[in-house]
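Take any residue in the sequence shown, count from 1 to its spot, add 1121: that is its number in this note's numbering.
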Amino acid sequence: MLTLASRPRRNRQSAAIRAMHAETWLAPRHFILPLFVHAGQGCEPIASMPGCERLDLDGLEREVQGAIADGIGSVVLFPAVEEALKNATGDECYNPSGIVHVAIRRLKARWPDLVVITDVALDPYNSDGHDGIVASDGRILNDETVAVLCKQAVSHARAGADIVSPSDMMDGRVGAIRAALDAEGFTGVSILAYTVKYASAFYGPFRDALASAPKFGDKKTYQMDPANRREARREVAADVSEGADMIMVKPAGPYLDVIAAVRAATDLPVAAYQVSGEYAMLKAAAQNGWLDEKKAVLESLMGIRRAGADVILTYYARQAARWLAQ
Ligand code: PBG
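Here is the structure:
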């Protein structure tokens, strides 16, 4: 026999002992479910995101009812908008009769305790497919965009949103949105800021879902360079000082080191977004029989939590909640 002072395997020898020592855990309350909604009739499957659909309003209600039954308490809404309603300044985004506004009112009327989160950015409404207003020379205009985002955020609050979530990556938008909300009396509406959002290839399926891909160029002048981690701390400092209530890192899986760095840089709650491309990869491998879907998905979510995320936006929210209940 070896004489060993330390035998780490002793702490792994039974399920009960392993459970005692588990440093990280998953529960449905950690998950936020992203949902796609459109103003048309019927629900349309999304080819690159099997299991996800563009929902009409009745479909949205059915989906939320199921999510609540699974133990999910919060959703974030993304609209697919008809081309005819898009323009260069994305003005449809603050139309109080717009699809997001109608959806918020319906969900909050039926489930007042449901946490309804809205996306604040112009890309679903912008005829150029960018998160900001595009100038004639192709530049994305920062301050002009922030003015529209403020109108969008206030209109969501007026419709009943609990949390607004700017995903646009314009400078100064968190502070401007906070001031605009407060000026209208919405001091209780929170801001979940996409603080550290990378210019990522993993958003491809989401842009298919919303037909919101940029019509030219890419998003690299506003979204972050995947090469950078120090820069994340700079974005965190800005959003904390501007009044963010929660900080997000996006994508999640390829950026676990960034989640850990952000966790260390702030005492605010940290969210991470397991984005459409991460979902599509797991789904495709599972459908081919190459991965055990349940084990791989729960491991991916555990990894994101272990890195430091308090909550996770994931298209697997309902399924994961059901697996955890088994
Ligand atoms: C746009 C937005 C995107 C996502 C959320 N909000 C796409 C983008 O920035 O191009 C991506 C989410 C996903 O891929 O699941 N404001």
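Idealized CB from N, CA, C, for every residue including glycine.
- Shown here, K1336 sits in coil according to DSSP, grouped into three states, outside any helix or strand.
- With respect to the 8 Å criterion, M1369 and T1316 are classified as neighbours on the basis of their beta carbons.
- The C-beta of L1313 has 16 or more other C-beta atoms within 10 Å across all chains shown, which makes the residue buried.
- For I1380, the CB contacts under 6 Å within the same chain, skipping 5 residues up- and downstream, are V1370, A1393, A1428, G1429 and A1430 in chain order.
- Under the rule that a run must span 3 or more residues, the beta strand (DSSP E) segments found entirely inside the segment 1258 to 1331 read 1284 to 1287 and 1311 to 1318.
- In the three-state reduction of the DSSP assignment, E1399 falls in the helix class, which pools H, G and I.
- Distance between E1213 and K1416, taken at the CA atoms: about 42 Å.
- Placement of the Cβ of D1360 at a distance of 7 Å or more from every heavy atom of the ligand PBG is found.
- Cβ contact annotation for S1288 (same chain, cutoff 6 Å, sequence separation greater than five): D1240, A1242 and Y1315, in chain order.
- Of the residues L1422, V1221, G1211 and V1202, the one whose Cα lies closest to the Cα of V1285 is V1221.
- Taking a cut-off of 8 Å on C-beta distances, the segment 1336 to 1354 does not touch the segment 1294 to 1311, as fewer than three cross pairs fall below it.
- Within the same chain, V1202, K1207, G1211, E1213 and C1214 come within 6 Å of Y1246 by CB-CB distance, once the 5 residues on both sides are set aside.
- Here S1169 really is in contact with P1326; their C-beta atoms are around 4 Å apart, less than 8 Å.
- Closest option to T1435, judged by alpha-carbon separation, among E1144, R1150, A1140 and A1136: R1150.
- Our two residues, A1320 and V1383, have alpha carbons roughly 18 Å apart in a direct line.
- Looking at the DSSP output, V1196 shares a beta bridge with L1154 and V1237.
- Listed as beta-bridge partners of Y1394 by DSSP are L1434.
- Three or more Cβ pairs closer than 8 Å define a contact, and the segment 1254 to 1270 falls short of that threshold against the segment 1227 to 1239.
- Boundaries of the alpha helix (DSSP H) harbouring M1141: A1136 to H1142, taken from the DSSP string.
- Taking the Cβ atoms as the reference, A1332 lies roughly 26 Å from F1152, outside the contact range of under 8 Å.
- Counting C-beta atoms within 10 angstroms of its own C-beta, A1438 has 16 or more neighbours from the protein chains shown and is therefore classed as buried.
- Short of 6 Å from the beta carbon of A1256, and not among the five residues preceding or following it, lie these beta carbons of its own chain, in chain order: L1262.
- The residues S1311 and I1312, in chain order, have a CB closer than 6 Å to that of D1366 in the same chain once the five nearest residues on each side in sequence are set aside.
- In the assembly as shown, G1309 is an exposed residue. Its beta-carbon has fewer than 16 other beta-carbons within 10 Å.
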